[in-house]
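**Student:** All the letters of the sequence shown, read from the start, carry residue numbers 2 to 294 under the numbering used here. The beta carbon of each residue, even a glycine, is placed where N, CA and C say it ideally should be. Just passing along the structure, written as structure tokens.
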Amino acid sequence: MDETRMTGTAGREAGGENDPRTGRAMDTVVRTRGLTRRFGSFTAVDGVSLDVGRGEIFGFLGANGAGKTTMIRMLCGLLMPSGGEATVAGFDVYRESEGIKRNIGYMSQRFSLYEDLTIEENIEFYGGIYGLKMDEIRVRRDALLEMLGLQAEARKLTRDLPLGFKQRLALGTALLHDPKIVFLDEPTSGVDPRVRRAFWDVIHEESKKGKTVFVSTHFMEEAEYCHRVSIMRDGKVIALGSPGELKREYGRSTIQDVFIEVASGRTAAGGGEARAGGSGDSAGPAGKGGEGS
Ligand SMILES: Nc1ncnc2c1ncn2[C@@H]1O[C@H](COP(=O)(O)OP(=O)(O)OP(=O)(O)O)[C@@H](O)[C@H]1O
Ligand SMILES: [Mg+2]
């Protein structure tokens, strides 16, 4: 297989990118060139170049250990790159991580709320971290609780919530300050299909409002909901395009089949086995037990 084969415009120099939804020049909010992160002699992210546009839902696929979380942490200003360039909302990841943090929401792969705080305390805590004033926090907290149907539970400990509610609450807190870009690292891992659908309703709403959503997932049907997806293997982006483009390019009828061809089985990816196969529908990816709380 041609390792560098790409659909769409990955790796093109800045300024040349067109938005696949409109065909017009893209309003780029995440831009990377040769972004690299090494841990000792191991290269977890290896020269990734991407442009992601305003309002775009950008799916981040790859087998376990492919480098998705490492990439997201660099883009959130939480982890220094070893090389290459990246700007997020116009801010440089090396020098302007504070600017990045003001403009993004982040839902980490591990459950990110405090189990020992009540639901409303968690919302208030994150509102404070994101720099909102208390009266603003109250308004947004009440709107979020209402949206989730959690008004009656607001004073219960977060640990007592079912996982699906916790994940929706975590998504709500990541959006609390109305950031330009939200990074969601496997947000629907371990939750049932109904909750996943509710999640994607929120993601599409936010995208329509102009928010950029950067989302990693092992659920291949979720990849189909993205405007564009990238597939990583061994730290490199090896395929990139809209779901339709990738399916045409690889002559497959589903993204799951594209994924299996490009991301799994061909080489032993650093962190273990690909697990996208068979995870497309109901229950959830195998081998994710214990994730999330
Ligand atoms: N702090 C670290 N020190 C050493 N190696 C690390 C560190 N963080 C990540 N790695 C390694 O980098 C590689 C990429 O990890 P990463 O968590 O980015 O993968 P991922 O694509 O998010 O995988 P998953 O789908 O399992 O979440 C893995 O081999 C991982 O073991
Ligand atoms: Mg990860």
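1. How about Gly66: is its Cβ closer than 6 angstroms to a heavy atom in ligand 1?
2. Check whether the stretch 36-49 and the stretch 103-110 touch, using three or more Cβ-Cβ pairs below 8 angstroms as the test.
3. Compute the Euclidean distance between the alpha carbons of Glu207 and Ser217, then round it to the nearest angstrom.
4. Would you call Asp235 buried or exposed, if buried means 16 or more other Cβ atoms sit within 10 Å of its Cβ?
5. Would DSSP call Ser190 helix, strand or coil?
6. Within 10 Å of its beta-carbon, does Gln152 have 16 or more other beta-carbons around it, so buried, or fewer, so exposed?
7. Measuring only from the beta carbon, is Thr70 closer than 6 angstroms to any heavy atom that is part of ligand 2?
8. Leaving out five residues on either side along the sequence, give the residues of the same chain with a beta carbon under 7 angstroms from the beta carbon of Pro188.
9. Using a threshold of 6 angstroms, is the CB atom of Gln168 nearer than that to any non-hydrogen atom of ligand 2?
10. Check Gly273 in the structure and name its three-state DSSP category.
11. Measuring straight from C-alpha to C-alpha, what distance separates Gly245 and Asn19?
12. For Asp179 and Arg142, what's the separation of their Cα atoms in angstroms?
13. Could you tell me which of Ser254, Ala64, Thr255 and Arg96 sits nearest to Leu76, measuring between CA atoms?
14. According to the neighbour-count rule (16 or more other Cβ atoms, all chains shown, within 10 Å of its Cβ), is Ala144 buried or exposed?
15. Beta carbon of Ala45: closer than 6 angstroms to some heavy atom of ligand 1?
16. Give the straight-line distance between the Cα atoms of Gly271 and Asp136, rounded to the nearest whole angstrom.
17. Near Leu146, which residues of its chain fall below 6 angstroms by C-beta distance, leaving aside the five closest residues on each side in sequence?
18. If we ignore side chains and look at the alpha-carbon of each, how far apart do Met81 and Val238 end up?
19. Rounded to whole angstroms, how far is the Cβ of Thr159 from the Cβ of Val31, which I believe are closer than 8 angstroms?
20. Can you give me the C-alpha to C-alpha distance between Val203 and Leu176, rounded to a whole angstrom?
21. Below 8 angstroms on the Cβ atoms is my contact criterion, and I expect Ile261 with Glu225 to pass it. Report the Cβ-Cβ distance as a whole number of Å.
22. Looking only at DSSP bridge pairs, what is Asn65 linked to?
23. Roughly how many angstroms separate the alpha carbons of Ile124 and Tyr251, rounded to a whole number?
**Tutor:** The answer reads as follows:
1. yes
2. no
3. 16 angstroms
4. buried
5. coil
6. exposed
7. yes
8. Met108, Gln168, Leu172, Phe200 and Val216
9. no
10. For Gly273, the predicted structure reports a pLDDT of 35, less than 50, and the residue's modelled location is therefore unreliable. A value from the coordinates is still provided. Note: Gly273 maps to coil in three-state DSSP.
11. 16 angstroms
12. 13 angstroms
13. Arg96
14. exposed
15. yes
16. With a pLDDT of 36 at Gly271, under the threshold of 50, the modelled position of that residue is not reliable, and the figure given next carries that caveat. Near 47 angstroms, if we compare the C-alpha coordinates of Asp136 and Gly271.
17. Gln152 and Ala155
18. 19 angstroms
19. Not quite, the Cβ-Cβ distance comes to about 30 angstroms (not below 8 angstroms), so this is no contact.
20. 10 angstroms
21. About 15 angstroms separates the two Cβ atoms, so there is no contact after all.
22. Looking at the DSSP assignment, Asn65 forms no beta bridge with any residue, so it has no partner.
23. 44 angstroms
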